[in-house]
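**Q** Counted the way the UniProt record's numbering counts, the sequence shown spans residues 1 to 145. Backbone N, C-alpha and C define an ideal beta-carbon position, used for all residues, glycine too. Here it is: the structure, laid out below.
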Amino acid sequence: MMMEDGELRDAELTGEFNEMSTPKLEDRMDKALQDQDQQLDAIYTGVTRLHLVADATNEEVLSQNAMLDQVVVQVNDTEAAVQQQTKAARKVARAHRELGCYYHEELTSNEKDEIKLFFLDATLATWTQQSIVVKKAAGRRFSAQ
């Protein structure tokens, strides 16, 4: 620094500069940095846990989606089997009504018994066929689990 007389002197420390370079201030700054590091570590730990939870949730969603897909297939198979069985039962009932109305008076007792057995066999065959479809659908469900 230059003096009035033109002579150069060393700069004197002012109060503000002196306070900034004291060990107390350095300790406070170090403590603040440590606190910030701890807070950042805590944030990192929390984010890591959230990531693990998100991964676990994703796995569970994928697993449940697969199970729902299987249920949809089983419901569709069962619905198709029920529709087919209902259709067959309607055919049998219609044929039975038609034969019963048109030929009831003209048939002998033996012929009536044969017709009844025919319809019984047709109904049993239809139900057996449908129960095979339902069992296959149920088997897929149990084998998937």
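(1) So, does the segment 79-88 touch the segment 51-66, judging by three or more C-beta pairs under 8 Å?
(2) Distance, Cα to Cα, residue 78 vs residue 128?
(3) Helix or strand or just coil, what does DSSP make of residue 2?
(4) Using the Cα positions of residue 125 and residue 51, report the straight-line distance between them to the nearest angstrom.
**A** Let's see:
(1) Result no; under three Cβ-Cβ pairs closer than 8 Å.
(2) If you number the sequence shown from 1, residue 78 lands on position 78. If you number the sequence shown from 1, residue 128 lands on position 128. Rounded to the nearest angstrom, the two C-alpha atoms are 14 Å apart.
(3) Numbered from 1 along the sequence shown, position 2 holds the residue referred to as residue 2. Low confidence applies to residue 2: its pLDDT is 49, below 50, so where it sits in the model is not reliable, and the reading given next is rough at best. Note: residue 2 maps to strand in three-state DSSP.
(4) Here residue 125 is taken as the residue at index 125 of the sequence shown, counted from 1. Here residue 51 is taken as the residue at index 51 of the sequence shown, counted from 1. The alpha-carbon atoms of residue 125 and residue 51 are separated by roughly 57 Å.
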